[in-house]
Amino acid sequence: MTEQNVVTQTDAKPVPTLPDAQTVTSVKHWTDRLFSFRVTRPASLRFRSGEFVMIGLMGDPHPETGKQKPLLRAYSIASPSWDEELEFYSIKVQDGPLTSKLQHIQPGDQIILRPKPVGTLVHDALLPGKRLWLFATGTGFAPFASLLREPETYEKFDQIIMTHTTRDVAELDYGRTLVESLADDPLIGEMIGDKLVYYPTTTREQSPKMGRITNLLQDGTVFKDLGIDGISADTDRGMVCGSLEFNKDIKDVLEGFGLEEGANSDPKHYVVEKAFVG
Ligand SMILES: Cc1cc2nc3c(=O)[nH]c(=O)nc-3n(C[C@H](O)[C@H](O)[C@H](O)COP(=O)(O)OP(=O)(O)OC[C@H]3O[C@@H](n4cnc5c(N)ncnc54)[C@H](O)[C@@H]3O)c2cc1C
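Each position in the sequence shown, counted from 1, maps to that position plus 7 in this note's numbering.
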């Protein structure tokens, strides 16, 4: 064996067996329907906090040809743009083609990650403002887990109001744990100061604040609770991530306050992304 061979073998990195493979570094199960996980980040991947990518696993072999195809789904990147790894926050759909398998990943396993980030929940799609509202239901918290850890969020706004609505209290845990960790975050802890307001609500299980955020905005409860006058296009900006129905309802509410929907190419007062299709 030549010396060169020895060096090559000793330093050899594991050869990815999947296209665009990344390695799972940690997994945390929050409830029987929700988990989060972290994976290695491709060296070349640049993204804006709030964007999403396609991730997945290889599908089952075709019964006749034995060929396997990648099974990919859209996922918001839950970690901020500066993080060395990538974090995701996922539903477990019991008969879901991807998540029925993805929920079983372990550290050391590989997933497929297509390094082409896109999305509208980005600072570039909003006009400057004073107050930023982040409205999430369910796993719609994921892009905001990224934006809440992004310094730009606190540089651009005087106040950030993070609302998260779930059916049950345990479904708030991932978001609550993240929000609580921010004060001690070495990078943004001091920037946050008292700028961040967390406003969790549940619709089914009893909790200190019950109800849909749309209703609580419309009847003025949120404004009374937070001691603010209301939402205005002069000062307030919004980002929305939830089910199709939620997104539609909150768009109506925001438009009722005079806010207009923006896009990457046309920044305005609020932006919307689906948390899932269907
Ligand atoms: C832009 C975008 C970003 C997304 N980001 C995330 C994310 O960060 N985390 C995440 O878990 N999912 C996210 N999704 C949904 C994701 O793409 C998949 O639908 C999900 O992983 C389930 O995949 P599946 O193959 O198991 O089931 P699918 O066949 O994709 O879905 C089966 C059914 O499960 C329900 N469902 C799917 N996803 C969810 C969900 N997140 N919450 C509640 N019900 C759901 C729907 O009713 C859907 O019809 C996102 C979707 C879009 C369009």
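Note that the Cβ used here is the ideal one computed from N, Cα and C, for glycine as well.
Of the residues 243, 39, 224 and 240, the one whose Cα lies closest to the Cα of residue 98 is 39. Judged by DSSP secondary structure, residue 259 falls within the alpha helix (DSSP H) whose first and last residues are 251-263. Of all alpha-carbon atoms in 181, 57, 168 and 164, the one lying nearest the alpha-carbon of residue 230 is that of 168. A distance of 9 Å or more separates the beta carbons of residue 156 and residue 62. A check of alpha carbon separations from residue 221 across 141, 214 and 198 identifies 141 as the nearest. Annotation: residue 56 is outside any alpha helix (DSSP H) and is labelled neither H nor E by DSSP.
Beta-bridge partners assigned by DSSP to residue 285: none are found.
For residue 266 and residue 240, the gap between their C-alpha atoms comes out near 5 Å. At the C-beta level, residue 56 and residue 150 come within 9 Å of one another.
Assignment of beta-bridge partners to residue 90 by DSSP yields no partner. Counted as a single uninterrupted DSSP element, the alpha helix (DSSP H) harbouring residue 183 occupies residues 180-189. When the five nearest sequence neighbours on each side are left out, the beta carbons in the same chain lying within less than 6 Å of the beta carbon of residue 35 are those of 43, in order along the chain. By the Cβ rule, the region 233-249 counts as touching the region 124-136, because three or more pairs are nearer than 8 Å. Taking a C-beta distance under 9 Å as the contact criterion, residue 250 and residue 147 qualify as a contact pair. Here residue 82 has 59, 60, 61, 62, 95, 97 and 149 as same chain residues with Cβ atoms under 8 Å from its own Cβ, once five neighbours each way along the sequence are excluded. Apart from sequence neighbours up to five positions away, the residues of its chain that approach residue 275 with a beta-carbon distance below 7 Å are 134, 267, 268 and 269, ordered along the chain. By the Cβ criterion, the region 202-211 is in contact with the region 160-176, since at least three pairs of Cβ atoms, one from each stretch, lie closer than 8 Å.
Assigned with DSSP and collapsed to three states, residue 164 falls in coil, not helix or strand.
Here the alpha carbon of residue 197 sits roughly 13 Å from the alpha carbon of residue 159. A distance criterion of 8 Å places the beta-carbon of residue 206 beyond contact range of ligand 1, judged by its closest non-hydrogen atom.
Contact between residue 112 and residue 27 fails: their C-beta atoms lie close to 16 Å from each other, not under 8 Å. Out of 175, 129 and 223, the CA that lies nearest to the CA of residue 272 is found in 129. In the three-state DSSP reduction, residue 157 falls in the coil class, being neither helix nor strand. The C-beta distance from residue 92 to residue 184 rounds to 17 Å, too long to fall under 8 Å, and the pair is not in contact. For residue 208, the enclosing beta strand (DSSP E) starts and ends at 203-209. Boundaries around residue 125 are those of the beta strand (DSSP E), 117-125, since no alpha helix (DSSP H) includes it. Here the alpha carbon of residue 173 sits roughly 16 Å from the alpha carbon of residue 281.
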